[in-house]
Amino acid sequence: MSDEQDKTARIRELNDAFRKTFAGGRMMMSASVAALPHMVRSAAWLKVSEFNEWDAGNDPYHEHDFLTFELCNRKFFWKCDYYAPDMQTGSEDPSDPAKTARVGLLMLAEDY
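Numbered by the UniProt record's numbering, the letters in the sequence shown go through residues 1 to 112 in order.
Structure representation (C-alpha cells):
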C-alpha cells in the first residue's frame with residue numbers, strides 16, 4: 001500500500017468511527033433538520049450511524065465523508081469536514097487525529 005492509500009484508509013477508519021459513535025468531533029445539524037420532529041431527527045441520526053452503502057458514486061475518494069439517504073419523504077445529506085484543532089482553518093492532515101477536529105453536518109438536500 002502506498003503512503004497515500006495508507007492515509008486514505010486511516011481517514012476512512014477515523015470517519016467511520018466518528019460517524020458510528022459521534023466521538024472524536026462535533027456533530028451538527030442544519031436549522032431545517034433541527035426544525036423537524038424529534039423522532040425524525042433521531043431516526044436520521046440513526047441512519048447516519050448505521051450507513052454502509054458506499055460505492056464509487058457516493059464515495060469517489062474512499063474516505064466515507066459524505067452520504068445521502070431518504071427518510072419520511074425527505075432527502076438528507078451528511079458530510080464530514082476536517083478542521084485544525086483550533087477550528088480556524090482546515091486540517092493539514094485529516095489522517096492524524098491530533099491535527100484534526102472532525103465536524104459532521106446533517107442537512108436536508110435543499111440546504112446544500
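Note that the Cβ used here is the ideal one computed from N, Cα and C, for glycine as well.
All of these numbers come straight from a predicted model, not from anything done at the bench.
When the Cα of A9 is compared with those of A31, H64 and G25, which residue comes out closest?
Among A31, H64 and G25, the Cα nearest to that of A9 is on H64.
What residue does the alpha helix (DSSP H) around A9 start on, and which one ends it?
Counting along the chain, the alpha helix (DSSP H) containing A9 begins and ends at D3 to T21.
In whole angstroms, what is the alpha-carbon distance linking Y83 and L36?
Y83 and L36: Cα-Cα distance of roughly 28 Å.
Within 10 angstroms of its Cβ, does M107 collect 16 or more other Cβ (buried), or is it exposed?
Counting Cβ neighbours within 10 Å, M107 comes out buried, since at least 16 surround it.
May I ask which residues mark the beginning and end of the alpha helix (DSSP H) holding E50?
Unbroken alpha helix (DSSP H) run through E50: H38 to E50.
Closest by CA to G104, which one among F66, P85, S95 and E110?
It is F66 whose Cα lies nearest to the Cα of G104.
Expressed to the nearest angstrom, what Euclidean distance is found between the alpha-carbon atoms of E70 and W78?
Each residue's Cα considered, the two are about 12 Å apart.
Three-state secondary structure (DSSP) at A101?
Here A101 sits in strand by DSSP.
Give me whichever residues DSSP pairs with E53 in a beta bridge.
In the DSSP output, where bridge partners are listed per residue, E53 has none listed.
When DSSP labels each residue in this structure, what does E110 get in the three-state scheme?
E110: helix per DSSP, three-state reduction.
Ignore the nearest five residues each way along the sequence and tell me which others in T89's own chain have a CB closer than 8 Å to its CB.
For T89, where only same-chain residues beyond five positions count, the Cβ hits under 8 Å are Y83.
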